[in-house]
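Taking our numbering, the leading residue of the sequence shown gets 1, the next gets one more, and so forth. The C-beta atom is built at its ideal place from N, Cα and C for all residues, glycine as well. Please read these numbers as outputs of a predicted model, since none were measured by experiment.
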Amino acid sequence: MNILEQTVKRIRPLDSGAVEKACQRQAMLTKPRGSLGLLEDISIKLAGIQASPFPAIHHKVIITMAADHGVVSEGISLYPQEVTRQMVLNFLNGGAAIDVLARQIDARLVIVDMGVIGGFPHTPGLICRMIDFGTQNMCLGPAMTTQQVLACLETGIEIVEAEIERGLDIIGTGDMGIGNTTAASAIIATLTGEPVSKVTGRGTGIDDQQLALKIRVIQKALQVNQPDPGDAIDVLAKVGGFEIGGLAGLMLAGAAHRIPVVIDGFISGAAALIATRICPAATDYLIASHLSAENGHSICLNSMGLKPLLNLNMRLGEGTGSALGIFLVESAANILTQMATFESANVTDITSTTCERQ
Numbered sequence: 001m002n003i004l005e006q007t008v009k010r011i012r013p014l015d016s017g018a019v020e021k022a023c024q025r026q027a028m029l030t031k032p033r034g035s036l037g038l039l040e041d042i043s044i045k046l047a048g049i050q051a052s053p054f055p056a057i058h059h060k061v062i063i064t065m066a067a068d069h070g071v072v073s074e075g076i077s078l079y080p081q082e083v084t085r086q087m088v089l090n091f092l093n094g095g096a097a098i099d100v101l102a103r104q105i106d107a108r109l110v111i112v113d114m115g116v117i118g119g120f121p122h123t124p125g126l127i128c129r130m131i132d133f134g135t136q137n138m139c140l141g142p143a144m145t146t147q148q149v150l151a152c153l154e155t156g157i158e159i160v161e162a163e164i165e166r167g168l169d170i171i172g173t174g175d176m177g178i179g180n181t182t183a184a185s186a187i188i189a190t191l192t193g194e195p196v197s198k199v200t201g202r203g204t205g206i207d208d209q210q211l212a213l214k215i216r217v218i219q220k221a222l223q224v225n226q227p228d229p230g231d232a233i234d235v236l237a238k239v240g241g242f243e244i245g246g247l248a249g250l251m252l253a254g255a256a257h258r259i260p261v262v263i264d265g266f267i268s269g270a271a272a273l274i275a276t277r278i279c280p281a282a283t284d285y286l287i288a289s290h291l292s293a294e295n296g297h298s299i300c301l302n303s304m305g306l307k308p309l310l311n312l313n314m315r316l317g318e319g320t321g322s323a324l325g326i327f328l329v330e331s332a333a334n335i336l337t338q339m340a341t342f343e344s345a346n347v348t349d350i351t352s353t354t355c356e357r358q
């Protein structure tokens, strides 16, 4: 078996015993049952992921993957392609939004070059795992080869396994790549069966005329390539991106190692669709940080049964949403493990201790 097959084979369901014990403890904490809403649900899910009724978050990592897209030559983005490389340098210099939020939650920020045009010299803090200098133009044929797809997925797996050696309790996903909302829209349209016009948004802030062009470009790419909605590898190869494949791989690795993965917005959502179509059991290990302002994100999350923690009208990417989500997941874990019970606090409990929240 290759690395991908080995990883998928290791993914197991949540630990039902830990889920039940965490649910019972939630019912005994000094608060009206259900009063902390999704925080309660997340803490119970986290217990099942870590196979412990007392889950803990200490080592937080956000992995932001960057790559360029050949489809940019079709004029679908407001920003020129060189912005991908410029923003990676901004990440490394600590000046981007994701740097600010990662520092705030005390998370390691891991930047990975999956295929940025121009490349980089040896740069401290940058992991160079380039597949190629950007994907091919998917309007003219497949964005990448099957071999490149497997390389993307296995790179994501290997990055996670390297970070585990440094300490890793939770993963946040992030992306950078001019043109990647076009690729993500194509993936989501294919895998959900929704019309391109319904899942395609404004990305970097394009106007109505450019949005119409973007929709036509995606429709052309789907017509040219005919991606198979029953084969996530085929979809990724024909209309995907290197960073999207890498993120899908790290999600599978997180699930295989029983590590929660907090996914960012639209691009991470497309990667999650790929990962969960490769291995549906991986869905249990994913937590949606927020609802992106991009049109198709709610369709994407709904198709996986994931409920976003926040709705802040964000659409930046980089991992900014996952940073905020990690804070909430850590809060959920701390509530479950550190809050007093009715008995320990000598507070009258008028509710049943029967576990009702799963």
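Bridge partner(s) assigned by DSSP for residue i
| i | result |
| --- | --- |
| histidine 290 | Leu310 |
| alanine 66 | Asp113, Met176 |
| isoleucine 170 | Lys60 |
| isoleucine 159 | Per DSSP, none; premise fails for isoleucine 159. |
| alanine 127 | This sequence places isoleucine at residue 127; alanine is not what is there. Paired residue(s): Val112. |
| threonine 341 | Leu29 |
| isoleucine 263 | Ala288 |
Contact belief for residue i with residue j at Cβ below 8 Å, rounded distance in angstroms
| i | j | result |
| --- | --- | --- |
| leucine 36 | leucine 328 | In fact, because the Cβ distance is near 11 Å, the residues do not count as touching under 8 Å. |
| isoleucine 259 | isoleucine 178 | With a Cβ gap of about 30 Å, isoleucine 259 and isoleucine 178 do not count as contacting. |
| valine 239 | alanine 256 | With a Cβ gap of about 26 Å, valine 239 and alanine 256 do not count as contacting. |
| leucine 336 | glutamine 26 | 7 Å |
| proline 229 | threonine 190 | 5 Å |
| threonine 200 | glycine 296 | 7 Å |
| leucine 213 | isoleucine 76 | 6 Å |
| alanine 97 | leucine 316 | 6 Å |
| valine 88 | methionine 176 | 6 Å |
With 16 other Cβ atoms within 10 Å as the buried cut-off, status of residue i
| i | result |
| --- | --- |
| alanine 47 | buried |
| proline 227 | buried |
| valine 347 | exposed |
| glycine 17 | exposed |
| proline 53 | buried |
| glycine 94 | exposed |
| alanine 66 | buried |
| valine 262 | buried |
| glutamine 366 | Nothing can be reported for residue 366, as the shown portion of the chain is limited to 1 through 358. |
| threonine 276 | buried |
| proline 124 | exposed |
| arginine 103 | exposed |
| glutamate 343 | exposed |
| asparagine 225 | buried |
| aspartate 169 | buried |
| aspartate 68 | buried |
| glutamine 358 | Residue placement at glutamine 358 is poorly supported in this model, since its pLDDT is 43, which falls under 50; the coordinates are not used for a value here. |
| proline 13 | exposed |
| alanine 282 | buried |
| phenylalanine 423 | Outside the shown range of the chain (1 to 358) lies residue 423, about which nothing can therefore be said. |
| isoleucine 350 | exposed |
| lysine 133 | Before going on, a small fix: residue 133 reads as phenylalanine here, not lysine. Phenylalanine 133 comes out exposed. |
| alanine 340 | exposed |
| valine 100 | exposed |
| methionine 114 | buried |
Minimum C-alpha distance to residue i - residue among the options
| i | options | result |
| --- | --- | --- |
| leucine 291 | Leu211, Met314, His59, Pro280 | Met314 |
| glutamate 74 | Phe120, Gly115, Leu211 | Leu211 |
| aspartate 106 | Leu213, Asn137, Pro55, His59 | His59 |
| valine 217 | Met138, Asp264, Ala293, Gly167 | Met138 |
| leucine 324 | Ile62, Arg12, Val8 | Ile62 |
| glutamate 294 | Asn180, Ile350, Gln338, Gly70 | Asn180 |
| glycine 193 | Lys45, Ile299, Thr173 | Ile299 |
| glutamine 6 | Ile326, Ser331, Ile157, Gly230 | Ile157 |
| glycine 245 | Thr64, Gln26, Gln86, Pro32 | Thr64 |
| valine 116 | Phe242, Ser322, Ile267 | Phe242 |
| alanine 332 | Gly319, Pro13, Ile44, Lys31 | Ile44 |
| alanine 345 | Met1, Thr30, Gly319 | Thr30 |
| proline 195 | Met176, Ala183, Ile215, Gln209 | Ile215 |
| alanine 363 | Leu92, Ile278, Ile42 | The chain is shown only over 1 to 358; residue 363 falls outside these bounds and no answer can be derived. |
| glycine 363 | Glu318, Gly167, Met28, Gln223 | Given a span of 1 to 358 for the chain in the structure shown, any question on residue 363 remains unanswerable. |
| glycine 119 | Ala97, Val83, Ile98 | Val83 |
| serine 185 | Glu20, Val235, Met87 | Val235 |
| glutamine 219 | Gln24, Ala51, Ser268, Val71 | Val71 |
| glutamate 20 | Ala237, Asn311, Ala51, Thr135 | Ala51 |
| asparagine 334 | Leu89, Leu213, Ala22, Ala56 | Ala56 |
| glutamine 136 | Ile98, Gln86, Ala237 | Ala237 |
| asparagine 311 | Lys198, Asp264, Met87 | Asp264 |
| leucine 78 | Pro280, Gln223, Gln209 | Gln209 |
| glutamine 223 | Leu140, Pro280, Ser268, Arg10 | Leu140 |
Problem - Touching by the beta-carbon criterion (3+ pairs, under 8 Å), the segment 297-313 and the segment 266-273 - result: Yes: the two stretches touch, three or more of their Cβ pairs being nearer than 8 Å.
Exercise for the section: Flag this pair as touching only if the segment 201-214 and the segment 131-150 have three or more C-beta atom pairs under 8 Å; answer yes or no. Expected result: The segment 201-214 makes no contact with the segment 131-150, as fewer than three CB pairs between them are under 8 Å.
Handout entry: Meets three-Cβ-pair contact criterion under 8 Å: the segment 124-133 and the segment 147-163
Key = Touching, per the Cβ criterion.
Problem - Contact between the segment 233-253 and the segment 281-291 (3+ Cβ pairs under 8 Å) - result: With the cut-off at 8 Å, the segment 233-253 and the segment 281-291 touch.
Practice task
Examine the Cβ distances between the segment 100-118 and the segment 154-165 and report whether three or more of them are shorter than 8 Å.
Solution key: The answer is yes - the segment 154-165 touches the segment 100-118, with three or more Cβ pairs under 8 Å.
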